[in-house]
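In my numbering, the protein residues as written are 1253 to 1369.
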């Protein structure tokens, strides 16, 4: 079992920055692909950024050049640095972990990000 705890959401003005954190309950990064998803009101949950166990990253077109996913293995923590935020980035952001061997997957509880003036 893996628990994921997100933090760092909040209210920010357009053009501002936030950094989200996702702490895993144990060291899993060597065999898990980690990702950030988001879900806006009335919309489907969508993948925002992914980092594989090997460190490869991938981003949704809507956030490329503005968001950066990274991880700190010593802290069992994945980050999402979000810059140049837009009102359309407003959503609940979820951390996700998928075991690359078994495909078991886990979700965090989500953290609200609101971009508004």
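Glycine included, each C-beta is placed from N, C-alpha and C at the ideal position.
Being a predicted model, the structure only gives us computed values, none of them experimental.
Check: Run of the beta strand (DSSP E) containing residue 1303, from where it starts to where it stops; Outcome: 1298-1303
Check: Coil, strand or helix - residue 1341 by DSSP; Outcome: helix
Check: Residue 1301 vs residue 1281 beta-carbon contact at 7 Å; Outcome: no
Check: Alpha-carbon to alpha-carbon, residue 1362 and residue 1336; Outcome: 21 Å
Check: Top-ranked residue by Cα proximity to residue 1313, from 1341, 1263, 1325; Outcome: 1341
Check: Cβ distance (whole Å) where residue 1368 is taken to contact residue 1263 below 8 Å; Outcome: 7 Å
Check: Helix, strand or coil at residue 1292 [DSSP, three-state]; Outcome: coil
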